[in-house]
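**Student:** Please see the structure below; I have some questions.
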Amino acid sequence: MFALPFACGGLFVLYLAAQQIWSAQRMSAWPTTEAIIHESELRRSDDSYNATARYSYSWEGTHYEGYRVALSRTADNIGDFQEETAGILKAAKVDERPLPVHVNPENPSESILFPQLRWELVGFLGVFGLVFFSVGFGIMMAGLLGGRNARKNQTLSGLHPNEPWLQDEKWASGEIRSGGKGMALGLTLFAVVWTLISTPALFAFHEEFFIRENRAILFALIFPLVGLGLLAAAIYLWIRYLKYGQVTLQLQTLPGVIGGSFSGAIVIPKTLIATEGVRMALRCQRHVVSGSGKNRSVRVTDLWSHEEIITDQRRTPTGGTLLPVLFQIPYECHEVDTSNESNKVQWKLEATAATPGVDFHAEFDVPVFRTAESDPDYVVPKQAEEIRDDRVAQERLWQEEHVQVQPGLNGSTQLRFPMMRHKGYSFAMLAFAIIWNSIVAVIFVYTEAPILFPLIGGLLGVLILLGTLHSCFSSQTLNLQKGSLELRCGLFGAKGPYPFTMEELKTLELAASSQSGNVSFYTLRLRKADGKKQALVPSIKGKQNAERLQWMIEEICGVPREEAE
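Residues 12 to 576 (our numbering) are what the sequence shown spells out, left to right.
The structure is reproduced here in structure tokens:
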């Protein structure tokens, strides 16, 4: 019921916008006569204005008195219409000059002085009404669908009290749909609402910028530009959905077993052309929500993850593609736990592949639990020692991290991590820094905002820019050999070298540094015997890549692993 007033209010405002258009067409067609202005006033209510008047006119020998000035009878502050109209009325009254008035020939007592349609007002009402209706309708639909799903899940809970993976409708059938269509639809709706909300800035731009010379309106243009970016992203998701269809995961193990295996098959309705294979990643993630309202934030941490490159791409009889899925899950992993929305554990299966045109991507929320089949003594077939010797995985690490491996002096191995290794991530950071500082510059140059705002914004902008430059244009070079490690780092790799012997080192460790979508980035750092820490390689993409790099350095240099925290 909370959403009903929003939807009804939105419909009413949309009706007012439509009424403006219909009335303008109808009244503009009325014949005109001359009206004498007797009274005129510009009434003010807070920051809004309303031009009012009393006038008289004659029609077919009969004298009439009118009060309607424009289509809208209420005060507003959209543009200068009210002020300009009040000026015209006042001048006509002072000069005793008649104004043309439109008269309804079927009812001559009905008249209007200015029946012109104000598109900026119609646009504002349309956007306002559509946003309120969309929000209200969306909340009502979400409530109805949520209630229906809750009832189904409650029924399933009664049928399977000790099997939580069968209590959720999306898992119970053993076939899970990817969220591709839902993501595209959700982003489209959000982009449309965002664009509609920011559209009034476009209506007002010409008058504010060219007539009033209000340069601050440039700042408002950022919001329509963001809306265009969101629409472009939504179009990309729709293209991907149309290219691959509704991708599903057919489970062979329901659920995936902790201390056992998780297996199934991803079914793609269309042909997938992935010459370099499909990257399949299974992740156990903890989602922690902190704060509320504007201060609400969600931190996602990988508790466990494993990746495989799948080259076995089978064709289905209908021309689609089938990708086999098989993962071994250690017994110490956490099971799915969504009982606390502020601190929940979820398992995600993600499949990605580079293809001609739009790349393939599918993600599934999957059930992984401890069951009667969970074996505390279960040994994952592929152990850490085997991963160290996995040359294919190692080559993939070098390729993904753009690492340059070459022989160093005195038989050492040199690993060079160049600047801007992850170009997409780096360009996103640079774009954010440029946009932030541009906004601050516009506020400082073109507005009369208190100096404190651009000062604080400018200081933050400098910090953001420095951090971005350091992140994007830093490089690291490691010289590794038995018993020692040497590091060069900093902007353009200008700092160092910093030599470390094994007597100085305690262990290597990984620390989560940032999150981009579902991808976690890690920093590999060393802990010295005196307790101090030194970052070696920042922004390593994915936990498995970080662990492989850690294991390799430990093996070459002889850094002890058993003491790691």
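From the three backbone atoms N, C-alpha and C, an ideal C-beta is built for every residue, glycine too.
Whole alpha helix (DSSP H) runs in the stretch 230-255 with 4 or more residues, listed along the chain?
**Tutor:** 233-255
**Student:** Under 9 Å, Cβ to Cβ, is there at least one residue of chain C near Thr312?
**Tutor:** Among the chains in the structure shown there is no chain C, since it carries only a single protein chain.
**Student:** Is DSSP giving Ala523 helix, strand or coil here?
**Tutor:** For this step, residue 523 is matched to residue 512 along the sequence shown. Strand at Ala523.
**Student:** For a test of the three-state rule: what should DSSP assign to Ile269, helix, strand or coil?
**Tutor:** Reading the sequence shown from its first residue, position 258 is the one you call residue 269. Here Ile269 sits in coil by DSSP.
**Student:** Is DSSP giving Ile462 helix, strand or coil here?
**Tutor:** Against the sequence shown, residue 462 aligns to sequence position 451. The answer is coil: DSSP assigns Ile462 none of H, G, I, E or B.
**Student:** Determine the closest residue to Ala430 out of Ala276, Phe503, Glu117 and Asn556, with distance taken between C-alpha atoms.
**Tutor:** Locating residue 430 in the sequence shown gives position 419, where the first residue counts as 1. At residue 430 the sequence reads Met, which differs from the Ala that was named. Checking every option, the nearest Cα to that of Met430 belongs to Phe503.
**Student:** Once the 5 residues before and after Pro591 are set aside, which same chain residues still bring their CB inside 8 Å of it?
**Tutor:** Since the first residue shown for the chain is 12 and the last is 576, residue 591 is missing from the structure and cannot be characterised.
**Student:** With a threshold of 16 other CB atoms inside 10 Å of the CB of Arg307, please say whether the residue is buried or exposed.
**Tutor:** The residue labelled residue 307 in the question sits at position 296 within the sequence shown. Here Arg307 is exposed. Its C-beta has fewer than 16 other C-beta atoms within 10 Å.
**Student:** Using only alpha-carbon positions, find the residue among Thr512, Pro367, Pro549 and Leu537 that is nearest to Val414.
**Tutor:** Working through the sequence shown from its first residue, we reach residue 414 at position 403. Selected option, being the one with the closest Cα: Pro549.
**Student:** Are Leu516 and Gly507 touching if we call contact CB-CB under 9 Å?
**Tutor:** Mapped onto the sequence shown, residue 516 falls at position 505. Mapped onto the sequence shown, residue 507 falls at position 496. For Leu516 and Gly507, no; Cβs fall outside 9 Å.
**Student:** Compare the C-alpha of Glu412 against each of Val133, Trp176 and Lys554 and name the closest.
**Tutor:** Locating residue 412 in the sequence shown gives position 401, counting from the first residue. Looking at the Cα atoms, Lys554 is the closest of the given residues.
**Student:** Taking 8 Å as the cut-off, is the CB of Met152 close to at least one heavy atom of the ligand ZN?
**Tutor:** Ligands are entirely absent from the displayed structure, and the ligand ZN is therefore not among its contents.
**Student:** Among Ser39, Gly77 and Ser59, which residue has its Cα nearest to the Cα of Glu50?
**Tutor:** For the purposes of this step, residue 50 is taken as residue 39 along the sequence shown, with counting starting at 1. Ranking Ser39, Gly77 and Ser59 by Cα distance to Glu50 puts Gly77 first.
**Student:** For a test of the three-state rule: what should DSSP assign to Ile551, helix, strand or coil?
**Tutor:** Along the sequence shown, one-based indexing puts residue 551 at 540. DSSP places Ile551 in strand when its eight states are reduced to three.
**Student:** For Tyr247, collect the residues of the same chain with a Cβ closer than 8 Å to its Cβ; drop the 5 residues on either side in sequence, then sort them by chain order.
**Tutor:** The sequence position of residue 247 within the sequence shown is 236, counting from 1. Excluding positions up to five away in sequence, the list reads Val369.
**Student:** Roughly how far, in whole angstroms, is the beta-carbon of Gly185 from the beta-carbon of Leu262, given that I think they are within contact range, below 8 Å?
**Tutor:** Here the question's residue 185 lines up with position 174 in the sequence shown. Here the question's residue 262 lines up with position 251 in the sequence shown. Yes, they are in contact, since the Cβ atoms of Gly185 and Leu262 sit about 5 Å apart, within 8 Å.
**Student:** Assign Ile250 to one of two classes, buried (16 or more other C-beta atoms within 10 Å of its C-beta) or exposed (fewer than that).
**Tutor:** In the sequence shown, counting from the first residue as 1, residue 250 sits at position 239. The residue is exposed, with fewer than 16 neighbouring Cβ atoms inside 10 Å.
**Student:** Determine the burial state of Phe125: buried for a count of at least 16 other Cβ atoms within 10 Å of its Cβ, exposed for fewer.
**Tutor:** Taking the sequence shown and counting its residues from 1, the one referred to as residue 125 is at position 114. Buried is the call here.
**Student:** The alpha helix (DSSP H) that contains Met38, what's its start and end?
**Tutor:** Residue 38 sits at position 27 when you count from the first residue of the sequence shown. Its alpha helix (DSSP H) spans residues Leu15 to Ser39.
**Student:** Once DSSP output is grouped into helix, strand and coil, what is the label at Arg325?
**Tutor:** Translated into positions along the sequence shown, residue 325 becomes position 314. Note: Arg325 maps to strand in three-state DSSP.
**Student:** Please name the residue, chosen from Trp447, Arg325 and Gln178, that lies closest to Leu477 on a Cα-to-Cα basis.
**Tutor:** On the sequence shown, position 466 is the one that residue 477 refers to. Nearest of Trp447, Arg325 and Gln178 to Leu477, Cα basis: Trp447.
**Student:** Report yes or no: do three or more beta-carbon pairs, one from the stretch 265-277 and one from the stretch 373-388, lie closer than 8 Å?
**Tutor:** yes
**Student:** Helix or strand or just coil, what does DSSP make of Ile89?
**Tutor:** Counting from 1 along the sequence shown, the entry for residue 89 is found at position 78. Of the three classes helix, strand and coil, the one that applies to Ile89 here is coil, per DSSP.
**Student:** Just mark Gln178 as buried or exposed, buried being the case when its beta carbon has 16 or more other beta carbons within 10 Å.
**Tutor:** Locating residue 178 in the sequence shown gives position 167, where the first residue counts as 1. So Gln178 ends up on the buried side.
**Student:** Can you give me the C-alpha to C-alpha distance between Gln394 and Glu352, rounded to a whole angstrom?
**Tutor:** For the purposes of this step, residue 394 is identified with residue 383 of the sequence shown, where counting begins at 1. For the purposes of this step, residue 352 is identified with residue 341 of the sequence shown, where counting begins at 1. Its pLDDT being 42, under 50, Gln394 is placed unreliably by the model, and the measurement read from it follows with that caveat. Straight across, the Cα-Cα distance linking Gln394 with Glu352 is about 34 Å.
**Student:** Is Asn448 helix, strand or coil by DSSP?
**Tutor:** Looking up residue 448 in the sequence shown gives position 437. Of the three classes helix, strand and coil, the one that applies to Asn448 here is helix, per DSSP.
**Student:** Could you give the uninterrupted runs of the beta strand (DSSP E) lying entirely in the stretch 474-510, keeping only those of 3 residues or more?
**Tutor:** 487-492 and 495-500
**Student:** So, with DSSP's three-state summary, where would you put Ile284?
**Tutor:** Counted from its first residue, the sequence shown places residue 284 at position 273. Looking at Ile284 - three-state DSSP - the assignment turns out to be coil, as it is neither helix nor strand.
**Student:** By Cβ distance, which residues of its chain are closer than 8 Å to Val237, with the 5 residues on each side in sequence left out?
**Tutor:** To locate residue 237, count along the sequence shown from 1; it is residue 226. So the qualifying residues of the chain are Trp205 and Ser209.
**Student:** Spatial neighbours of Arg79 within its chain, please: C-beta separation below 6 Å, excluding the five flanking residues on both sides.
**Tutor:** Taking the first residue of the sequence shown as 1, we reach residue 79 at position 68. Ile123, listed in sequence order.
**Student:** Three-state secondary structure (DSSP) at Asn173?
**Tutor:** Residue numbering aside, residue 173 sits at position 162 when the sequence shown is read from its first letter. Residue state, collapsed to three classes: coil.
**Student:** Beta carbon of Arg326, beta carbon of Asp313: below 9 Å?
**Tutor:** Numbered from 1 along the sequence shown, position 315 holds the residue referred to as residue 326. Numbered from 1 along the sequence shown, position 302 holds the residue referred to as residue 313. The answer is no: Cβ separation not under 9 Å.
**Student:** With C-beta atoms as the reference, is Leu136 less than 9 Å away from Gln257?
**Tutor:** The count along the sequence shown starts at 1 and reaches residue 136 at position 125. The count along the sequence shown starts at 1 and reaches residue 257 at position 246. No, the pair does not count as a contact, with Cβ atoms beyond the cut-off.
**Student:** Using only the alpha-carbon positions, how far apart do Ser524 and Leu360 sit?
**Tutor:** Translated into positions along the sequence shown, residue 524 becomes position 513. Translated into positions along the sequence shown, residue 360 becomes position 349. Ser524 and Leu360: Cα-Cα distance of roughly 22 Å.
**Student:** Below 8 Å on the Cβ atoms is my guess for Phe484 versus Ser495; work out the distance and round it to an integer in Å.
**Tutor:** On the sequence shown, position 473 is the one that residue 484 refers to. On the sequence shown, position 484 is the one that residue 495 refers to. Phe484 to Ser495, Cβ: 28 Å. No contact.
**Student:** Please report how far the alpha carbon of Ala444 lies from the alpha carbon of Asn173, in whole angstroms.
**Tutor:** Against the sequence shown, residue 444 aligns to sequence position 433. Against the sequence shown, residue 173 aligns to sequence position 162. When rounded, the distance between both Cα atoms is 51 Å.
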